[in-house]
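Below you'll find the structure, written out as structure tokens, and then a few comments.
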Amino acid sequence: MPDENTARKLDHGVAGMKRTLWQDSLTQDEFNKVASLVHGRAGIKMPVQKKSMLEARLRKRIRSLDLDSFTGYVEFLFEKEGLDHELVHLLDVVSTNKTDFFRESAHFDFLKNQAFPALLEQHGVGVTRPLKAWSAGCSTGEEPYTLAMTLLESSLEIPDYKFKILGTDLSTIVLQKAVQAIYPESKTTIIPPEIKKKYLLRSKDRDSGLIRMAPIVRQNVTFSRLNFMDEDFGLDDTFHLIFCRNVIIYFDQGTQRRLLSRLLDHLKPNGYLFMGHSETLHGLGLPIRQLAPSVYQLRDMN
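Structure below.
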């Protein structure tokens, strides 16, 4: 057994080896292989400029697998069993999940003031049958819960108004957070005080700085994992509203066109499609008309 000084030197040497390891990087060939896999399985573009970002995000994952290098991770990833086990985790790592309550708030104003009354008056949606909305790329859930609060407020004077919201995302990690519906109170400052009072619950531990969405909000929202590159989305329904905001910017134009065509297959005639303000659908040849900035309506072809 080594004496105390020898043990200390050994520990120091191991720590030094670990520090040296994380000065390592993906080779260009390794990066290309991972980027190609991510693009093929999730449609996400990974140009060479994202190499440093990918390395930074992979470090924690590599440690959790008890591997000792980027090369070891790539070798594991491209083994049959490794790919079966690791793909979902890799896609969690590369997914970008930026969202907020009432993000791009003009969309929720449009929903409340135009889409909601039009669907109700012209088609009885919400009364004769539930309004159905899909938050595609819902991240940690702020968007579908904002949708739920907006619809609850819009229907205050309508007895037995019914709606269902589906939130989907590629990342299992963010979906777990969405289901929990627990957020730092600092994220709720944009929510109007009267809305917060009705639909948000403070933790019993007031020092925690956490809030949770109230049951009346959560009961109208469900979550599921969905990969836009899957041949079958597994959705048997069509929707009156689809929010797919700040998602297609990560795809090339061909993937964008195919994805949007498939989204429209799940949108009811005269239904509404909400996109991110930085995204344009011009030139994609889709059967839609623009109603407002980044708000579109599916034409009724009958």
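Last residue of the sequence shown: 324 (the working numbering), numbering continuous.
From the three backbone atoms N, C-alpha and C, an ideal C-beta is built for every residue, glycine too.
Here the structure is a predicted model, which means the values were calculated and not measured.
Endpoints, the beta strand (DSSP E) within which Val243 is located: 243-247
At least 3 beta-carbon pairs within less than 8 angstroms: the region 147-167 vs the region 112-124: yes
Whole-Å CB distance - Arg267 paired with Gly298, under 8 angstroms assumed: 4 angstroms
For Tyr318 and Arg284, the rounded distance between their alpha carbons: 15 angstroms
Cβ contact (3+ pairs, closer than 8 angstroms) linking the region 212-229 and the region 181-199: no
Outcome for Val70 when other beta-carbon atoms lying within 10 angstroms are tallied against a minimum of 16: exposed
Residues near Leu142 in its chain [Cβ-Cβ closer than 6 angstroms; skip 5 each side]: Gly148
Neighbour-count burial assignment, Pro7, 16 or more Cβ in a 10 Å radius: Because the chain in this structure spans residues 23 to 324, residue 7 falls outside the shown range and cannot be described.
Residue-level contact to chain D via CB, Glu301, 7 angstroms cutoff: Here there is only one protein chain, and chain D is not present.
Contacting residues, own chain, Cβ-Cβ under 8 angstroms from Lys134 (five flanking each side not counted): Correct list, in chain order: Thr172, Glu175, Ser176.
Beta bridge counterpart(s) of Lys199 as assigned by DSSP: Answer is none; Lys199 lacks a bridge partner.
DSSP beta-bridge partners of Thr89: What sits at residue 89 in the sequence shown is Leu, not Thr. Under DSSP, Leu89 takes part in no beta bridge, so it has no partner.
Short Cβ contact (7 angstroms threshold) for Ile213 with Phe123: yes
Three-state secondary structure (DSSP) of Met75: helix
Residue environment, Leu306, which counts as buried when at least 16 other CB atoms sit within 10 Å: Leu306 comes out exposed.
CB contact flag (Thr190, Ser246, <7 angstroms): yes
Contact belief for Tyr257 with Tyr294 at Cβ below 8 angstroms, rounded distance in angstroms: The sequence shown places Leu at residue 257, not Tyr. Not confirmed; about 17 angstroms, so no contact.
Cut-off 7 angstroms between Cβ atoms - residues of its own chain near His107, not counting five sequence neighbours on either side: none
Phe255 (DSSP reduced to helix, strand or coil): coil
Three-state secondary structure assigned by DSSP to Arg267: Secondary structure of Arg267 (DSSP, three-state): coil.
Pro152 and Phe185 closer than 7 angstroms at C-beta: yes
Beta-ladder partner(s) of Pro206, from DSSP: Leu232
Cα-Cα separation between Ile233 and Phe265, rounded to whole angstroms: 24 angstroms
Residue interval of the beta strand (DSSP E) (run including Pro315): Element bounds for Pro315: n/a, residue is neither H nor E.
His304, buried or exposed, once every other Cβ within 10 Å from all chains shown has been counted against 16: exposed
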